[in-house]
Structure formats: structure tokens, C-alpha cells
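Below you'll find the structure, written out as C-alpha cells, and then a few comments.
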Amino acid sequence: MLEKFFKLKENNTNIKTEVMAGITTFMTMAYILAVNPNILSATGMDKQAILLATALASFVGTVLMALLANYPFALAPGMGLNAYFAYTVVIGYGYSWQIALLAVFIEGLIFIVLSVTNVREAIFNAIPMTLKSAVSAGIGLFIAFIGLQNAKIVVNNDSTLVSYQNFKENFSSVGMGALLALIGVLITAFLLIKKIKGGILFGILITWVLGIICELVGLYVPNNDLGMYSTIPPAIVSFDFSPLGNTFGQVFKADFSAIKVMDMVVIVFAFLFVDIFDTLGTLIGVSAKANMLDKDGKLPRIKGALLADAIATSAGAILGTSTTTTYVESASGVTEGGRTGLTAVTTGLLFLLAVVFSPLFLSIPSFATAPALIIVGFYMIGSVARIDWENMLEAIPAFLCILSMPLMYSISEGIAMGVISWTILHLCAGKTKGKVSILMYVLTVLFILKYIFL
Numbered sequence: 003m004l005e006k007f008f009k010l011k012e013n014n015t016n017i018k019t020e021v022m023a024g025i026t027t028f029m030t031m032a033y034i035l036a037v038n039p040n041i042l043s044a045t046g047m048d049k050q051a052i053l054l055a056t057a058l059a060s061f062v063g064t065v066l067m068a069l070l071a072n073y074p075f076a077l078a079p080g081m082g083l084n085a086y087f088a089y090t091v092v093i094g095y096g097y098s099w100q101i102a103l104l105a106v107f108i109e110g111l112i113f114i115v116l117s118v119t120n121v122r123e124a125i126f127n128a129i130p131m132t133l134k135s136a137v138s139a140g141i142g143l144f145i146a147f148i149g150l151q152n153a154k155i156v157v158n159n160d161s162t163l164v165s166y167q168n169f170k171e172n173f174s175s176v177g178m179g180a181l182l183a184l185i186g187v188l189i190t191a192f193l194l195i196k197k198i199k200g201g202i203l204f205g206i207l208i209t210w211v212l213g214i215i216c217e218l219v220g221l222y223v224p225n226n227d228l229g230m231y232s233t234i235p236p237a238i239v240s241f242d243f244s245p246l247g248n249t250f251g252q253v254f255k256a257d258f259s260a261i262k263v264m265d266m267v268v269i270v271f272a273f274l275f276v277d278i279f280d281t282l283g284t285l286i287g288v289s290a291k292a293n294m295l296d297k298d299g300k301l302p303r304i305k306g307a308l309l310a311d312a313i314a315t316s317a318g319a320i321l322g323t324s325t326t327t328t329y330v331e332s333a334s335g336v337t338e339g340g341r342t343g344l345t346a347v348t349t350g351l352l353f354l355l356a357v358v359f360s361p362l363f364l365s366i367p368s369f370a371t372a373p374a375l376i377i378v379g380f381y382m383i384g385s386v387a388r389i390d391w392e393n394m395l396e397a398i399p400a401f402l403c404i405l406s407m408p409l410m411y412s413i414s415e416g417i418a419m420g421v422i423s424w425t426i427l428h429l430c431a432g433k434t435k436g437k438v439s440i441l442m443y444v445l446t447v448l449f450i451l452k453y454i455f456l
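FYI, the working numbering numbers position 441 of the sequence shown as 443, with every residue one higher than the one before it.
In C-alpha cells:
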């Protein structure tokens with residue numbers, strides 16, 4: 003039945019590979035179960051409710067991706083979008099979190115319409131193949147940078163903005179975690195060099211076990227104030243689901259009288275703008291890495307993928323979480339050989355299990371998942387080989403796209419830099435025929451207007 007539904011042989015894969023890839027994707031995304039509640043709780047929302055909503059929204063979205071598109075992509079509440087939800091809409095604008103959820107719900111409905119009417123698919127197909135390769139490479143740098151930050155190998159610095167970790171300072175907590183992450187990178191790399199199936203997943207687990215051993219013998223000392231938490235689960239399961247009632251359906255209880263129409267338009271548009279290009283960027287980057295794009299650079303069945311993303315956003319708002327979107331960490335599962343929706347189903351089921359096993363999953367430290375992100379970044383940067391670096395007209399926009407993603411800490415901003423520079427340079431060179439579509443002009447204008455007004 004699985005073979006028939008997911009077309010495993012047609013995609014040159016098997017059940018074992020798909021399940022392993024799904025587990026790997028989940029392990030690299032599990033941090034969202036800890037991070038999302040921490041961010042959204044700043045609005046006054048209940049932490050346990052957010053955790054449950056996060057897991058359930060991820061399950062719904064990821065399974066929809068499998069059923070509607072048969073792709074190995076996983077979904078969860080997006081980083082960046084959750085910060086915008088909490089710190090801009092609620093804390094900055096002073097709106098209640100119920101109204102913020104309403105904005106996310108409306109965004110999802112608009113996305114459903116855009117997906118059904120092929121608008122989002124047209125945007126995807128309008129982006130030139132060179133920029134698609136650049137997006138994949140840029141995401142590689144971005145995800146590796148996130149891994150370095152999660153492990154606290156790269157830290158903030160007042161004079162140079164970023165710097166390397168001072169291992170002597172707080173060595174027993176932050177320093178030890180960073181050291182374990184570096185060891186984890188080497189372990190994962192060795193496993194991959196030896197072509198051991200599931201190398202990325204085993205790298206995560208081995209690094210986690212090393213962390214537990216170090217904590218038991220006193221080499222690693224948790225320090226919550228520094229963001230270094232215990233690696234030992236306080237419990238294995240929890241069956242208390244009642245907190246979900248604190249956020250479920252609250253989107254429909256928003257105080258409409260407190261809503262300013264123009265403010266709501268701006269808020270919804272901002273959610274739309276960031277989400278649409280983060281999602282498209284992720285689909286472009288991950289699918290390019292998996293060689294899923296056709297000869298014209300288009301992604302078959304993209305409508306189903308976009309529809310799953312849109313429905314998950316509105317469903318997540320009803321459950322009680324910020325925008326649910328396709329995750330770039332899906333690349334870790336694709337790297338492990340995941341090619342069909344069976345990978346996504348596996349990831350989705352693990353998110354559902356996380357509702358029960360949340361104490362266990364939340365104990366996986368960031369320094370254990372960081373090596374996976376760094377190694378996936380290595381895999382994705384290989385897309386630069388598809389770029390014609392001798393053709394300056396195409397190479398420079400590609401370079402700006404790649405450079406912008408990690409430095410601006412945003413997939414969508416990287417796409418914006420690529421699209422704007424591609425269009426303007428081709429226009430100035432008088433070589434727009436067959437290179438710049440009408441939609442690319444529209445996107446360029448929209449991106450420029452975004453920087454002017456948002």
C-alpha cells in the first residue's frame with residue numbers, strides 16, 4: 003500500500019530510507035518545540051498550550067504535504083514569523099495575541115486562494131534557474147550559520163557583530179556545549195565519509211549521548227541563564243493536554259472593536275510577504291538539492307505543496323500558534339535520501355508523538371542538533387556549481403542572493419536582493435528578452451515598495 007500511494011520505486015527510494023529521513027528531519031526541527039513557546043509566551047500566552055499547538059500544527063501541515071503533494075517537506079511554526087508575531091504585532095503595536103492569531107488565520111485564507119489560483123506557483127516558476135541555484139546555496143550558508151549559533155560556536159560581539167566562542171569563559175556550560183557541537187560535526191562528517199546510512203541522525207544521537215555523559219560526570223553543567231539546559235529528560239511522557247484549551251479557538255474570540263483596519267492590512271501583508279518568500283525559497287532550495295525540479299526549473303505538484311502550507315497556517319492559528327510554514331530543515335531528511343511523502347508522514351507522526359513525549363524531545367540540546375544543520379549547509383552550498391560564474395550578468399545577482407541570506411538572517415531578504423538586482427542589471431544591459439518575465443518586474447516593484455513602506 004505504501005509503495006502504491008507514495009510511488010517509492012518510481013522515486014528510487016524504499017521504506018527504510020524514507021523513515022530514516024523522516025526521523026532525521028524531525029530531529030533537526032525538534033528545537034521549535036522549545037523555542038516557539040519561549041518566544042510566543044512573551045505575549046502572555048500559556049507555554050504548555052503553545053507547545054501542544056506547535057506539535058499539532060506541525061503534524062497537520064506535514065501530513066498534508068505528504069497527502070497533497072507527496073513531497074518529503076516538513077512544516078512547523080516559522081522562526082522569524084513567530085518573533086514578528088510576538089515582538090512587533092503584540093508587544094510593539096499593542097494588540098492582543100488573539101488579534102495576532104486572527105491576522106495569521108486571515109493570512110492562511112488568502113494563501114489558500116493564491117495557491118488554488120496558481121499565483122504562488124507562477125511566482126515560483128518566474129524565478130530564473132540561476133537564482134534558484136543561488137537560493138539553494140544561500141540557504142546552505144544560512145542554515146549552517148543557524149547551526150553555529152545554536153551551538154554557541156558563533157556568538158555576538160560588539161566590535162565585529164559576530165565572533166567565535168571564548169571557550170575559557172563559562173567553559174563548563176557554554177564552552178562545553180560548543181566543544182561537543184564541534185565534536186558532533188566531526189563525528190557526523192566521519193559517518194558520512196564512511197557512507198553510513200542515517201549518518202546525520204546518528205550524529206545527533208551520539209552527540210546527545212556524549213552530552214548526557216558529560217553532564218553525569220560533571221564536565222557539562224547546565225546553566226539556564228545562559229541558555230544551556232540539562233540534557234537528561236526530567237520525565238519521559240506527559241498526558242496532560244488540558245492547557246491547549248487556553249489557545250484553541252481563541253482566534254475567533256478576538257476583540258474586533260480594537261482592530262484598526264489599516265493596521266490589520268499592514269500586519270496581514272507583512273505576514274504574507276515574509277511567509278510567501280520564505281516558503282518559496284525553502285521549496286526552491288530543498289527541491290533543487292534533491293534534483294526534484296524539471297528541466298525548466300519547475301517543481302511538479304507545487305500547487306499541492308503550497309496548498310498544504312496555506313491550510314496549515316490557518317489550522318495553526320486555530321490551534322494557537324504563529325504562521326506554520328515549510329521548513330528549511332527538511333533538507334536534512336532529503337540529504338538522508340528522503341524523496342516522497344512517506345518521509346513527511348514519518349516526521350508528522352513524530353510531531354504528534356511529541357505531544358505525549360514532550361519532556362523527552364525537549365531534552366535534546368541545541369548543540370546536538372547543530373552539527374546536522376552545519377553538515378546540511380555543506381551539502382546545499384554545492385548548488386553554486388550550477389551557476390555560470392563567467393556570466394557576470396547572472397553571477398552577480400546570484401552572489402548577492404547567496405550573500406544576503408546569512409548576513410540579513412532571512413531567506414526572503416536574500417530572494418529580494420537576487421530578484422531586484424537580476425531585473426535591474428538585465429534592464430540596464432538591455433538583455434531582458436527571455437530573461438526577465440512580467441512577473442519578475444512585478445516582484446521587483448513589490449520588493450522595492452516593501453523596503454520603502456514596511
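Glycine residues also receive a C-beta, built at the ideal position from the N, C-alpha and C atoms.
All values reported here derive from a predicted model rather than from experimental measurement.
For Asn38, there is no enclosing beta strand (DSSP E); the residue is part of the alpha helix (DSSP H) that begins and ends at 34-42.
The beta-bridge partner set that DSSP reports for Met230 consists of Asn225. The continuous alpha helix (DSSP H) containing Thr284 extends over residues 263-291. In the DSSP assignment, Val156 is bridged to Tyr166. For Asn84, same chain residues with a beta-carbon under 7 Å away, outside a window of 5 residues either side, are Asn38, Ile41, Leu42, Ser324 in chain order.
Straight across, the Cα-Cα distance linking Ile383 with Met410 is about 17 Å.
Contact between Met47 and Ala374 does not hold, since the beta-carbon distance rounds to 29 Å and is not under 8 Å. In this structure, Thr326 keeps its C-beta atom at 8 Å or more from the C-beta atom of Leu133.
For Lys199, the closest alpha carbon among the candidates Leu445, Ser334, Thr342 is that of Ser334. According to the DSSP assignment, Pro361 belongs to the alpha helix (DSSP H) that extends over 360-363. When the Cα atoms are used, Glu338 and Thr345 turn out to be separated by approximately 10 Å. Distance from Ile304 to Leu274 at the Cβ level is roughly 18 Å; contact not present, criterion being Cβ atoms closer than 8 Å. For a cut-off of 8 Å, the C-beta gap from Ala312 to Gly110 is around 6 Å, short enough to register as a contact.
The beta carbon of Ile238 is closer than 8 Å to those of Phe359, Pro361, Leu362 in its chain, skipping five residues each way along the sequence. Sixteen is the threshold: when 16 or more other Cβ atoms of the shown chains lie within 10 Å of the Cβ of Trp210, as they do, the residue is buried. Apart from sequence neighbours up to five positions away, the residues of its chain that approach Gly80 with a beta-carbon distance below 6 Å are Thr325, Thr327, ordered along the chain. Closest option to Ile261, judged by alpha-carbon separation, among Tyr166, Ile101, Val330: Ile101.
Assignment of alpha helix (DSSP H) within the segment 64-152, counting only whole runs of 4 or more residues, yields 99-118, 121-128, 131-152 in chain order.
A straight line joining the alpha-carbon of Phe254 with that of Thr315 spans about 15 Å. A direct Cα-Cα distance of roughly 41 Å separates Gly24 from Leu427.
The three-state reading of DSSP puts Thr337 in helix, counting H, G and I together. For Leu35, the closest alpha carbon among the candidates Trp424, Asn393, Leu364 is that of Leu364. In this structure, Ala71 is the residue among Asn13, Asn14, Ala71, Ala124 with its C-alpha nearest to the C-alpha of Val347.
With fewer than 16 other Cβ atoms inside 10 Å of its own Cβ, Glu5 counts as exposed.
Using a Cβ distance threshold of 8 Å, Ser385 and Pro74 do not count as a contacting pair. Residue burial is scored here from C-beta neighbours: Trp424 has at least 16 other C-beta atoms within 10 angstroms and is therefore classed as buried. Cβ neighbours of Ile278 within its own chain (closer than 7 Å, five residues either side excluded): Arg122. Of Ile398, Ala317, Val268, Leu182, the smallest CA-CA separation from Leu451 is found for Val268. If you look at Thr348, you'll find it in the alpha helix (DSSP H) that goes 343-356.
Beta bridge pairing from DSSP links Thr328 with Leu77. In the three-state reduction of the DSSP assignment, Ile52 falls in the helix class. Counting along the chain, Tyr443 sits inside the alpha helix (DSSP H) bounded by residues 440-455. Around Leu402, the same chain offers Met419, Gly420, Ser423 as residues with beta carbons nearer than 7 Å, after the five sequence neighbours per side are excluded. Between Ser117 and Ala290, the C-beta gap is not smaller than 8 Å, which leaves the two residues out of contact. Thr119 counts as exposed, since fewer than 16 other C-beta atoms from the protein chains shown sit within 10 angstroms of its C-beta.
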